[in-house]
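**Student:** Here the numbering used here is used: the first residue of the sequence shown is 177, the next is one more, and so on.
Heads up, the beta-carbon is just placed ideally off N, CA and C, and yes, glycines get one too.
Note that this is a predicted model, so its numbers are computed, not measured.
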Amino acid sequence: MTVGTGDGTPYADAIQAPGTAESIWRAWGGWEGMAEFPLPPRGRVVVVAAHPDDEVLGLGGALARLADAGHRLTVVSVTDGEGSHPDSEVLSPHELAEVRAGEIRTALERLGTGDPEIVRLRLPDSHVCDHEKQLREALVPLCSGAVLVAAPWTADLHSDHEATGRSAREAARAVGAPFAEYPVWLWHWARPDDPRVPWDRAARVTLAAGIQARKRHAVDAFASQIRPLGPGPAEAAILPPDEVAHHLRPCEVVFL
Ligand SMILES: [Zn+2]
């Protein structure tokens, strides 16, 4: 989940400020009243990601469960996430794009999703909002016939996530496919009961221990994001352990 948000957006502060500790989320009473998300009838599920790791961080356990239930998966990488380390002296943006394309394949293998269709749309990282019409048009045929389309939450306070969510929602609507949004950065910038979050639309996907273990193994495939590329601040990990912890809890959340 590339941090780069483009210059001058109001999003950078929310993401770069210190985040909410996972222990605070774990202690939250709101989990108790949250409905369980009913998995769709067997068919093809399309999961759209702004960057190649959003879908596993936000929804990897659900993807493992769907694969176990016999669903076919189409995974759409809107960007290659080539902008996560813009000043790196270790990897160029082009090299990083290929590294990350390899990481998502490994992560999906580790989740046990079989042989999913992976579609790379190669829109520019941090600038998805400049290409929403193009994205929507690319997503419409991919979403056609899907029993579920899932995409980043349209209020995740990351411009790429929000633009991807908006485009996917419109594409799903155009073909009459059910749609769900998954948050990624929410767990960092929000607090329990945060009024900016539509908790009344939230549903949880409970993950059994075996599914959690597969997700943990999958998330560990994103070496370029969870470990430094090298010494120096330009090579720092995008997702240090306290961020990764949000995505290793025993449930995931979607907004319906
Ligand atoms: Zn992302």
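How is Ile402 classed by DSSP in three states: helix, strand or coil?
**Tutor:** Three-state DSSP puts Ile402 in a helix.
**Student:** Leaving out the 5 sequence neighbours to the left and right, which residues in its chain are closer than 6 Å to Leu272 when beta-carbon positions are compared?
**Tutor:** Correct list, in chain order: Glu258.
**Student:** Starting from Arg220, follow the beta strand (DSSP E) in both directions and report where the run begins and ends.
**Tutor:** Unbroken beta strand (DSSP E) run through Arg220: 220-225.
**Student:** Under DSSP, the beta strand (DSSP E) around Pro245 begins and ends at which residues?
**Tutor:** Sequence check: residue 245 is Ala here, not Pro. Ala245 -> no beta strand (DSSP E), and no H or E assigned at all.
**Student:** Taking Leu432 as part of the alpha helix (DSSP H), name the residues at either end of that continuous run.
**Tutor:** Here Leu432 belongs to no alpha helix (DSSP H), and DSSP marks it neither H nor E.
**Student:** Could you check what DSSP says for Glu293 in three-state terms: helix, strand or coil?
**Tutor:** DSSP places Glu293 in strand when its eight states are reduced to three.
**Student:** Less than 7 Å between C-beta atoms, sequence neighbours within five positions excluded: which residues of the same chain meet that for Ala277?
**Tutor:** Within the same chain, Ala277 has close Cβ partners Pro228, Asp256, Arg296.
**Student:** So, for Pro269: in the same chain, excluding its five sequence neighbours on each side, which residues have a beta-carbon less than 6 Å away from its beta-carbon?
**Tutor:** Here the set comprises Glu258.
**Student:** Would you say Asp256 touches ligand 1, meaning its beta carbon is less than 7 Å from a heavy atom?
**Tutor:** Result no, Cβ not under 7 Å from ligand 1.
**Student:** Would Pro359 be called buried (16 or more neighbouring beta carbons within 10 Å of its own) or exposed?
**Tutor:** By the 10 Å Cβ count, Pro359 comes out buried.
**Student:** In the DSSP assignment, what are the bridge partners of Ala379?
**Tutor:** DSSP output for Ala379 lists Ala211, Val430 as bridge partner(s).
**Student:** Hey, out of Glu338, Val275, Glu313, whose CA is closest to His303's CA?
**Tutor:** Of the listed residues, the one whose Cα sits closest to His303 is Glu338.
**Student:** Name the DSSP beta bridge partners of Thr255, please?
**Tutor:** In DSSP, Thr255 forms a bridge with Leu299.
**Student:** For Thr196 versus Trp363, is the C-beta distance shorter than 8 Å?
**Tutor:** Result yes, Cβ atoms of Thr196 and Trp363 sit closer than 8 Å.
**Student:** Quick one: is the Cβ of Val373 within less than 7 Å of any heavy atom of ligand 1?
**Tutor:** Not under cutoff, so the answer is no.
**Student:** Is any heavy atom in ligand 1 found nearer than 7 Å to the beta carbon of His227?
**Tutor:** Under cutoff, so the answer is yes.
**Student:** Might you give, ordered along the chain, the residues of its own chain that have their beta carbon closer than 6 Å to the beta carbon of Gly219, omitting 5 neighbours on each side?
**Tutor:** Contacts found: Val323.
**Student:** Given a cut-off of 8 Å, decide if Ala356 and Ala389 are closer than it, judged by their beta-carbon atoms.
**Tutor:** Not in contact: Ala389 and Ala356 (Cβ atoms no closer than 8 Å).
**Student:** According to the neighbour-count rule (16 or more other Cβ atoms, all chains shown, within 10 Å of its Cβ), is Ile200 buried or exposed?
**Tutor:** So Ile200 counts as exposed.
**Student:** Here's a check: name, in chain order, each residue in its chain whose Cβ is nearer than 7 Å to the Cβ of Pro216, leaving out the five neighbours to either side.
**Tutor:** Val323, Leu324, Pro354, listed in sequence order.
**Student:** Chain B beta carbons: is any one of them nearer than 8 Å to that of Arg296?
**Tutor:** Annotation note: the requested chain B is absent from the structure, which comprises a single protein chain.
**Student:** Are there any heavy atoms of ligand 1 lying less than 7 Å away from the beta-carbon of Val232, as far as the coordinates show?
**Tutor:** Result no, Cβ not under 7 Å from ligand 1.
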